[in-house]
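As structure tokens, the structure follows; a few thoughts come after it.
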Amino acid sequence: MDCAKALNRHPSPYPHFPTAAPNIYQEASKVPATPASVKHTMGRSELFIVTALAALALVASSTEAVTDADILNFALNLECLEADFYSYAAYGSGLNSTLRGGGPMATGGKKAVLSSPVQNYANEIALDEVNHVAFLRMALGTAAVPCPQIDVGPAFAAIVKAALGSANMDTMFSPYDNDLDFLLAAFILEDVGVTAYNGAAPLIQAKKNVGAAASILATEAYHGGIIRTLLYQRGYDTVMPYSLQTVDFAQKLSNLRGTVGGGKDEGITSPMANGVKNTPYSSNLVPTDSNSLVFARTPTEVLNIVYGGSAAKPSAFYPNGVNGNINGTASMA
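For the sequence shown, counting from 1, position 142 maps to 303 in my numbering; every step adds exactly one.
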């Protein structure tokens with residue numbers, strides 16, 4: 162199938178992608194994420210303990226706890242996704258074979274139609290994400306897994322369809338059509354990466370690996386802040402053809418992530434966007450708990466989001482699942 166033609170909006174879904182939203186997503190657009198004005202009260206130490214215990218439960222049936230290599234390989238899978246998406250959007254091509262570790266090429270990507278300022282943002286973020294992939298491969302050495310099969314086209318359309326529910330308009334969303342669609346697609350990914358690294362931090366043993374993960378987390382948080390700020394600046398713009406304000410579109414995406422990802426999510430406004438036109442909002446550019454600490458997600462919660470609903474059923478961005486020991490399979494439940 163011609164990629165450039167396939168990603169244009171049209172009412173026909175991709176043959177391999179479900180026409181209906183995944184079951185776990187069907188009511189997601191009705192369930193709010195954590196309101197910015199009512200952030201949860203869990204402290205940092207409690208948050209890390211809960212996150213660590215939940216993550217370790219993934220390997221309860223295994224005789225060994227997760228290793229630093231397992232955690233870094235899980236991160237590598239996420240970085241492969243981000244690097245491929247931003248590289249396609251910025252340059253029109255994904256990771257090369259070396260950076261993929263011999264894994265398959267991503268599908269569904271193409272050069273995005275971007276204004277000069279947003280093109281510059283895309284270039285910068287793409288370079289960062291490619292560097293993260295290269296760094297993790299260097300850190301892992303021969304233990305590094307190849308990038309898995311990654312979808313950076315129809316997966317976005319399915320996520321948007323699930324998030325918008327009745328507001329979907331039966332159109333095929335593409336992150337490559339214009340600035341706003343690109344930024345909304347980036348919004349889907351960025352906060353997930355930040356919460357994933359924060360959730361992994363308590364499990365890493367080697368000090369050098371803790372430092373590396375913290376540095377990547379900080380970079381991802383900068384990216385997330387850029388994307389959220391740009392979206393907020395266009396908050397009252399209408400996302401076509403959905404007839405939704407940007408703030409409401411972003412809120413629906415946040416609600417979806419929160420529904421399947423253990424809560425721990427917020428839109429870009431305070432109070433939470435409610436669909437009423439031109440409601441006066443304050444910005445919510447940094448999604449945090451009541452102590453202004455970044456949310457943390459377990460690997461299962463992360464996979465629930467990037468798999469399109471359930472860590473046990475690979476789909477969406479990872480049609481065949483992620484590679485490595487932390488992958489959401491039944492053996493790690």
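Don't be surprised by glycine CBs; every beta carbon is placed ideally from N, CA and C.
On a predicted model such as this, the values are computed, not experimentally measured, just so you know.
Asked, Found
"Contacts around P480, its chain only, beta-carbon distance under 7 Å, and the 5 residues preceding and following it disregarded", "Q310 and D312"
"Three or more C-beta pairs below 8 Å linking the stretch 405 to 416 and the stretch 357 to 375", "no"
"Nearest-angstrom Cβ-Cβ length linking A295 and A230, presumed shorter than 8 Å", "The pair is not a contact, with the Cβ atoms about 17 Å apart (cut-off 8 Å)."
"Check whether D398 and D352 have beta carbons under 9 Å apart", "no"
"Beta carbon of A250 nearer than 9 Å to that of G270", "yes"
"Helix, strand or coil at Q406 [DSSP, three-state]", "strand"
"Residue from G482, V291, R298 and Q280 with nearest C-alpha to D342", "Q280"
"Exposure label - M299; buried when at least 16 CB within 10 Å", "exposed"
"Beta carbon of G436 nearer than 9 Å to that of L405", "yes"
"Alpha-carbon spacing of S277 relative to T390, whole angstroms", "17 Å"
"Among S415, T430 and I429, the one whose alpha carbon lies nearest that of G423", "S415"
"Paired residues, beta bridge with D312 - DSSP", "T268"
"Simplified DSSP state of S453, which is helix, strand or coil", "coil"
"P402, buried or exposed, once every other Cβ within 10 Å from all chains shown has been counted against 16", "exposed"
"Inter-residue spacing [alpha-carbon to alpha-carbon] between C308 and A267", "9 Å"
"Proximity winner among V306, P448, R261 and N234, relative to D245 (alpha-carbon distances)", "R261"
"Delimiting residues of the alpha helix (DSSP H) encompassing P460", "P460 to V467"
"For R418, the nearest candidate out of N234, Y358 and L350 (CA to CA)", "L350"
"Cβ-Cβ separation, H384 to I466 (assumed contact under 8 Å), whole Å", "Incorrect: roughly 17 Å between the Cβ atoms, too far for contact."
"Bridge partner(s) assigned by DSSP for S254", "In DSSP, S254 forms no bridge with anything."
"For A374, the nearest candidate out of L233, T228, A226 and V227 (CA to CA)", "L233"
"Buried versus exposed call for T259 [16 or more other C-beta atoms within 10 Å across all chains shown]", "exposed"
"Cβ-Cβ distance between G396 and N238 below 9 Å", "no"
"Where P475 falls, given that 16 or more other Cβ within 10 Å makes a residue buried", "buried"
"Boundaries of the alpha helix (DSSP H) in which P278 is found, first to last residue", "S277 to L301"
"Coil, strand or helix - T390 by DSSP", "helix"
"Cα-Cα separation between T407 and A226, rounded to whole angstroms", "43 Å"
"Counted within 10 angstroms of its Cβ, other Cβ atoms place A367 as buried (16 or more) or exposed", "exposed"
"Identity of the residue in N292, N452, N370 and A472 nearest T461 by Cα", "A472"
"Nearest-angstrom Cα separation, counted from V463 out to A534", "Because the chain is modelled from 162 through 494, residue 534 falls outside the range shown and cannot be assessed."
"Residue span of the alpha helix (DSSP H) that contains L147, given as start and end", "Residue 147 is absent from the structure shown; the chain starts at 162 and stops at 494."
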